[in-house]
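Just so you know, the sequence shown maps onto residues 1 to 189 in UniProt numbering. Ideal placement from N, C-alpha and C gives every residue a C-beta, glycine not left out. Let me begin by presenting the structure, written as structure tokens, before commenting on it.
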Amino acid sequence: GAAPPGSQDPPSVRLWSDYLNVPLHPRSLHVIRQYLHDGDCGCLEAFAQGESLLQDPSCVEELEDRLHFFVEECDYLQGFQVLCDLHDGFSGVGAKVTELLHDEYSGKGILSWGLTPATSNVGVSKDGGEPTPGLACTFGMPKAGLFFPLQDSQSSFYRLLNTALGIVHLSQHSSLFCPLSLSGSLGIR
1 GAAPPGSQDP PSVRLWSDYL NVPLHPRSLH VIRQYLHDGD CGCLEAFAQG
51 ESLLQDPSCV EELEDRLHFF VEECDYLQGF QVLCDLHDGF SGVGAKVTEL
101 LHDEYSGKGI LSWGLTPATS NVGVSKDGGE PTPGLACTFG MPKAGLFFPL
151 QDSQSSFYRL LNTALGIVHL SQHSSLFCPL SLSGSLGIR
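Below, the structure is given as structure tokens:
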């Protein structure tokens with residue numbers, strides 16, 4: 001049969017945002033050009049990289065302008081919800097955003113959600129032999145599914161460090177911080 005209207009063909013889907021069918025206000029989006037999926041600098045993998053993005057005065061000014069645009073539209077602002085990944089450099093971005101919100105709107109609630117992917121043993125060999133087949137292999141694209149294959153020790157260290165720093169900083173500037181993961185280990189093995 002024919003595909004339902006609005007559905008994506010599997011080859012054209014590379015990222016979670018390819019499934020995003022919700023129209024977002026143009027001022028609610030801020031593209032970090034140097035860290036696009038095919039960008040110059042590669043991926044945003046360290047907490048300090050994300051944190052340094054919001055050290056740039058032009059980036060902070062643009063973020064504040066966009067934030068003030070929406071705040072001025074509110075009749076009665078009660079607070080903010082912040083969702084960010086904990087396992088990569090976006091934990092640093094989220095930490096700086098919550099710090100900015102805490103400083104600018106100290107009387108408002110800030111509910112922060114720290115998101116981590118579930119890990120799987122896909123692509124990891126326990127005995128040095130062939131990698132374990134599984135669900136993530138069927139997706140054919142890393143980070144597109146619900147599971148992350150385990151990676152080398154440096155990547156695991158970055159994930160652990162990013163998660164720890166993200167939890168500490170987000171907790172410090174939030175009224176309530178809630179880590180979310182599909183596994184009990186916050187995506188860390």
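- Inclusion of L161 and F90 in the CB contact set at 8 Å is not warranted, their separation being larger than that value.
- Apart from sequence neighbours up to five positions away, no residue of its chain approaches L100 with a beta-carbon distance below 6 Å.
- Shortest Cα-Cα distance from G50 to any of T98, Q154 and A118 involves T98.
- According to the DSSP assignment, C43 belongs to no beta strand (DSSP E), since it is labelled neither H nor E.
- Scanning its chain for C-beta atoms nearer than 6 Å, with the 5 sequence neighbours on each side dropped, one finds around S183 the residues A118, in chain order.
- Burial state of H30 is exposed, judged by a 10 Å Cβ sphere holding fewer than 16 other Cβ atoms.
- When S58, S52 and L77 are compared, the shortest CA-CA separation from K108 is found for L77.
- Beta-bridge partners assigned by DSSP to A95: none are found.
- When secondary structure is reduced to three states using DSSP, C178 falls in the strand class.
- Listed in chain order, the non-local C-beta contacts of V60 below 8 Å within the same chain comprise L54 and L100, local neighbours out to five positions each way being set aside.
- Looking at the backbone, the Cα of D18 and that of E45 are separated by about 21 Å.
- In the three-state reduction of the DSSP assignment, L115 falls in the strand class.
- A check of alpha carbon separations from K96 across V22, P179, L20 and V168 identifies V168 as the nearest.
- Scanning C43, G92, E73 and P26 for the CA closest to the CA of R33 turns up C43.
- Secondary structure of D85 (DSSP, three-state): strand.
- Just measuring C-alpha positions, the residue of S58, P57, E62 and R66 sitting nearest H25 is R66.
- Cβ atoms of L115 and L86 come within 8 Å of each other, at about 6 Å.
- Excluding sequence positions up to five before and after S171, its CB lies within less than 6 Å of the CB of F177, all in the same chain and listed in chain order.
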